[in-house]
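Following: one structure in structure tokens, then a few remarks.
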Amino acid sequence: LEGASFQATETMRNENSNRDNMGYANVIYGMNWAPVGYTSFDMNNVAGYTTLGSVTVNRGGEYYDGYFYGYNNSGVFYKIEPATGSVVEQHSTSNTTVVAMAYNYANNTMYGINNGGSTSGLVTIDLTTGATSSVASLSTSVMTLSIDLNGNAYAIEISTGMLYNVDLTNGNVTAIGSTGHAVNYVQCANFDHNTETLYWFQLSSGSDAGLYTVNTTTGATTLVQSMTGEVTSFFVPYTPGSGQGGNGNNWL
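Right, here's the structure in full:
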């Protein structure tokens, strides 16, 4: 029985390691990586990509429970089938400046960042309607929001590229360290919860853009892919209980 149990465990590990681990994002300004479009790519080979369709979400977006949710710059809130980009539902809202979204699996809440240029606000988001509720104003202006499985939230400041920890109860921010990169325009950062790696599609100019991993202890970054363009709403599908290091693409 011990042998049978060990064999079953090894089989499960091998199956998990052989599954695709796909990332998805909206490229709203293409450079040398991928053209404009709703795009998928293997997280183990980001240089390769597939354009699945046109861009629908050009502001903040996030995956949760089998669907991709997000806004466009006219305030339309979408519920989207991730594998195809097909719109399942859409709702008109007044939320034209929600530039980032992140789901907190620790308290089952979707959060977002409203950015008006010089100021940012932390909000919660109703996934049925796209309506937002204010949590707090932030003392600095940020363009991203990312939340790990333990409920720790991170944001990257506009211009300076400083990585901050964000208190989701009151909006207080604490500087962690510099990413070493300038920040401008809409962009995104999100965790691949299957590995708990923080990825950031950085952008500051037409010649300075790339996909990086970010060290959440120091703010240091490692280049994954250069010249990625202006990219929003990056996500990797995740299913709670699949285990860190496993794969959560169970909707496929």
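In the working numbering, the protein residues as written are 79 to 330.
Positions of the beta carbon are idealized from the N, C-alpha and C atoms, including for glycine.
Between which two residues does the beta strand (DSSP E) holding TRP278 run?
275 to 283
Is ASN186 helix, strand or coil when you go by DSSP?
coil
Report the residue from THR218, MET109, ASN123 and TYR102 whose alpha carbon sits nearest the alpha carbon of GLU308.
MET109
Whole-number beta carbon distance between SER219 and GLU235, since they are thought to touch under 8 Å
Cβ atoms of GLU235 and SER219 come within 8 Å of each other, at about 7 Å.
Among all the DSSP beta bridges, which residues are the ones paired with MET100?
Bridge partners of MET100: ASP120.
Tell me which same chain residues have a C-beta within less than 7 Å of the C-beta of THR252, skipping the five on either side of it?
TYR242 and ASN243
Given a threshold of 16 other Cβ atoms within 10 Å of its Cβ, counted over all protein chains shown, does PRO318 qualify as buried or as exposed?
exposed
By DSSP, does ASN192 sit in helix, in strand, or in coil?
In the structure shown, ASN192 sits in a strand (DSSP, three-state: E or B).
Taking Cβ positions, are VAL177 and MET240 nearer each other than 7 Å?
no
Neighbourhood of HIS169 by C-beta, 6 Å cutoff - its chain only, sequence neighbours within 5 removed:
PHE155, THR207 and GLY208
Residues sharing a beta bridge with ASP286, DSSP:
SER283
Against chain D, does GLU167 count as a neighbour if the rule is that its beta carbon must be under 7 Å from one of theirs?
Although the question refers to chain D, the structure presented lacks it and comprises just one protein chain.
Take SER196 and list the residues in its own chain whose beta-carbon comes closer than 8 Å to its own, dropping the five residues that flank it on each side.
Counting only Cβ-Cβ distances below 8 Å, and skipping sequence neighbours, we find SER219.
Uninterrupted beta strand (DSSP E) stretches inside the segment 242 to 275 (no shorter than 3 residues):
DSSP assignment within the segment 242 to 275 yields the following whole beta strand (DSSP E) runs of 3 residues or more, N-terminal first: 251 to 256 and 266 to 270.
How about GLY249 and LEU200: are their beta carbons less than 7 Å apart?
yes
Checking 7 Å against the spacing of the C-beta atoms, do THR275 and THR300 come in under that value?
no
Applying the 10 Å Cβ sphere with the 16-neighbour rule, what's the burial state of SER198?
buried
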